[in-house]
Amino acid sequence: MANLKYFLWLTNCKGLQPGDPGRLLAHFGTPEAVYFAEREEYDLLGLPQGKKRALEDKSLAGVERILADCDRLGIHIMTIQDADYPERLAQICDPPCVLYWRGKPLGVDERLSVGVVGTRKCTPYGEALAGKLGLELAREGVGVVSGIAEGIDAAGLKGALQGGGTVVSVLGGGLDVIYPKKHRWLYEDVAVAGTLISEYPPGVETARQHFPVRNRIISGLSMGVVVVEAGEPSGALITAHTALEQNREVFAFPGPVGAPASLGCNRLIQQGEAKLVLSAKDVLEEFAPLFSGRNQEPLEEETVLERLEAAPPSEIPKEKTQKRVDTAPSRAYISLSDDPEAFTDDERDILLAIQRRSLTPDDISEQTQIPARRVLSALTMLQLRGLVEEKPGKRFFAAVILTP
Numbered sequence: 001m002a003n004l005k006y007f008l009w010l011t012n013c014k015g016l017q018p019g020d021p022g023r024l025l026a027h028f029g030t031p032e033a034v035y036f037a038e039r040e041e042y043d044l045l046g047l048p049q050g051k052k053r054a055l056e057d058k059s060l061a062g063v064e065r066i067l068a069d070c071d072r073l074g075i076h077i078m079t080i081q082d083a084d085y086p087e088r089l090a091q092i093c094d095p096p097c098v099l100y101w102r103g104k105p106l107g108v109d110e111r112l113s114v115g116v117v118g119t120r121k122c123t124p125y126g127e128a129l130a131g132k133l134g135l136e137l138a139r140e141g142v143g144v145v146s147g148i149a150e151g152i153d154a155a156g157l158k159g160a161l162q163g164g165g166t167v168v169s170v171l172g173g174g175l176d177v178i179y180p181k182k183h184r185w186l187y188e189d190v191a192v193a194g195t196l197i198s199e200y201p202p203g204v205e206t207a208r209q210h211f212p213v214r215n216r217i218i219s220g221l222s223m224g225v226v227v228v229e230a231g232e233p234s235g236a237l238i239t240a241h242t243a244l245e246q247n248r249e250v251f252a253f254p255g256p257v258g259a260p261a262s263l264g265c266n267r268l269i270q271q272g273e274a275k276l277v278l279s280a281k282d283v284l285e286e287f288a289p290l291f292s293g294r295n296q297e298p299l300e301e302e303t304v305l306e307r308l309e310a311a312p313p314s315e316i317p318k319e320k321t322q323k324r325v326d327t328a329p330s331r332a333y334i335s336l337s338d339d340p341e342a343f344t345d346d347e348r349d350i351l352l353a354i355q356r357r358s359l360t361p362d363d364i365s366e367q368t369q370i371p372a373r374r375v376l377s378a379l380t381m382l383q384l385r386g387l388v389e390e391k392p393g394k395r396f397f398a399a400v401i402l403t404p
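Here's what the structure looks like:
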């Protein structure tokens, strides 16, 4: 709880810019270290006077109000150092240090999630297209990530909800601030079927300047972003370009030449920044090698082997079995007793956890009880030594087998 209080203090310091908490955390290591730092330490960072004054205000009264509001409203809080923080989001250049959420726990790392974005001033064509896209993605087990604004956002969410899918809506204000107000029922539906999230605490009003900052979260939680309809300029184009910077796939539906609501989409396609798509099928085909089945779970090699071994000989395709056996890499055995100092405790525990099945960093953290940041650090070192392989879906598998 103490750690959480310092996170809330840091991310709500008046006078700091959106990216400042992350940069301070990267320098000091923990929010407590930022809180207890002396003025001289702030001076060494070359911070402007306004930001130093903000950091010198050590009052936690605002933090207590936030905690009380979250408790009253049923809002949960996660920090970037928590094991359940989405790994996909943690990989972007400026991840939010704190997320407030309501509804189901985020599970974006375990499924294919696609962002659906577009203009508020959409045409009937765009609204119908977004609704159909959301519906078809949901029926294939794909999570839909969007805002909750009028137009394309709302249409995509409604379609996904109709298809019985999991939805995530990222807000530009506090979770208790419904914007637009007529979407109150949509807020509640999303909270039941999926998750409402924001980096702003309860009570913060939705503001125009929040949306460009929020858009990085929509693309950060997604493996790809679909722009359904967007003019020039458009917030959806900001999301698309942010997605490209985050190394996400970007797709766009073409529209009539010269139509104001389609200028942005057509431009993305013309400049090669987005892949032209005509349906949800086109989007899914882009990710087909990574996922299988309706639930879009990553296909693990060891699972394939288990299925082949359990199947009667008559049901095993001989040519496919031979190909899989021929290409299966052999794994070296390493004795822990021969060189006890070959691995740190974290590296040893992680290798043991992923010897039999590939796991995401969050799964590893949960299984080993090693904090998420240490898991990521150890995985990086093990990859550099060629001892760990990364599988589709950001899952990791040991390239060696440890023995006593």
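In this text, residue positions in the sequence shown follow the working numbering: the first is 1, and each later residue adds one.
Beta carbons: idealized from backbone N, C-alpha and C, even for Gly.
Can you tell me which of the three DSSP states residue i falls into?
| i | result |
| --- | --- |
| G46 | coil |
| L106 | coil |
| T344 | coil |
| F7 | helix |
| A274 | coil |
| V400 | strand |
| L60 | coil |
| V204 | coil |
| R374 | helix |
| R39 | helix |
| L268 | helix |
| T79 | strand |
| S365 | helix |
| L99 | strand |
| R356 | coil |
| R65 | helix |
| R111 | coil |
| P312 | Note that P312 scores 44 on pLDDT, short of 50, meaning its location in the model is unreliable; the coordinates nonetheless yield the value given after this. Residue state, collapsed to three classes: coil. |
| R395 | strand |
| L384 | helix |
| L351 | helix |
| L16 | coil |
| C93 | coil |
Please report the residue range of the alpha helix (DSSP H) in which residue i lies.
| i | result |
| --- | --- |
| E32 | 31-36 |
| L89 | 87-90 |
| I75 | That residue, I75, is in no alpha helix (DSSP H); it is neither H nor E in DSSP. |
| D282 | 280-287 |
| P21 | 20-28 |
So which of the options has the shortest CA-CA distance to residue i?
| i | options | result |
| --- | --- | --- |
| L99 | N12, V226, K121 | N12 |
| I95 | M223, D363, I218, E229 | The amino acid occupying residue 95 in the given sequence is Pro; Ile does not appear at that position. Among M223, D363, I218, E229, the Cα nearest to that of P95 belongs to I218. |
| R357 | E390, L45, V277, G151 | E390 |
| G131 | C97, Y42, V227 | V227 |
| K14 | K394, V257, K58, T123 | K58 |
| E273 | F253, A259, R331, V375 | F253 |
| P31 | P48, K52, D43, T79 | T79 |
| Q209 | R120, P18, G224 | P18 |
| I66 | P201, L276, G74 | P201 |
| A149 | E110, F396, I178, R39 | I178 |
| A128 | K5, C97, L278 | L278 |
| V213 | I238, E232, K52, L196 | I238 |
| V108 | C122, D69, G165 | G165 |
| K121 | A261, I364, A191, I92 | A261 |
| G174 | E188, G115, E205, T360 | E205 |
| H183 | S198, D153, E199, F211 | D153 |
| G22 | G74, Q81, E41 | Q81 |
| G393 | P361, V375, M381 | P361 |
So, under 8 Å CB-CB, residue i and residue j are touching, yes? Tell me the CB distance rounded to an integer number of Å.
| i | j | result |
| --- | --- | --- |
| L137 | A155 | Not quite, the Cβ-Cβ distance comes to about 13 Å (not below 8 Å), so this is no contact. |
| G147 | S113 | That belief does not hold up - the Cβ atoms of G147 and S113 are roughly 14 Å apart, past 8 Å. |
| V144 | G151 | Between G151 and V144 the Cβ distance is about 15 Å, and since that is not below 8 Å, they are no contact. |
| V250 | L268 | 7 Å |
| A259 | A83 | Contact doesn't hold; Cβ gap of about 47 Å is too wide. |
| T119 | A207 | Actually they do not touch by this definition, with Cβ atoms about 19 Å apart. |
| G203 | V167 | Rounded, the Cβ-Cβ distance is 24 Å, inconsistent with contact. |
| L387 | V400 | 5 Å |
| A353 | Q367 | 5 Å |
Cβ of residue i versus every heavy atom of the ligand SAM: is any distance shorter than 7 Å?
| i | result |
| --- | --- |
| G15 | You won't find the ligand SAM in this model; it holds no ligand whatsoever. |
Check for me: the beta strand (DSSP E) holding residue i runs from which residue to which?
| i | result |
| --- | --- |
| A332 | 332-335 |
| E390 | 388-391 |
Point to revise | Length at least 3, wholly inside the stretch 116-200: the beta strand (DSSP E) runs in chain order | key: DSSP runs (the beta strand (DSSP E)) wholly in the stretch 116-200: 143-146, 167-170, 195-198.
Review point. Curious, which full-length beta strand (DSSP E) runs of at least 3 residues does the stretch 211-259 contain?
Key: Positions of the beta strand (DSSP E) runs, each at least 3 residues long and wholly inside the stretch 211-259, are given as 224-227, 249-252 in order along the chain.
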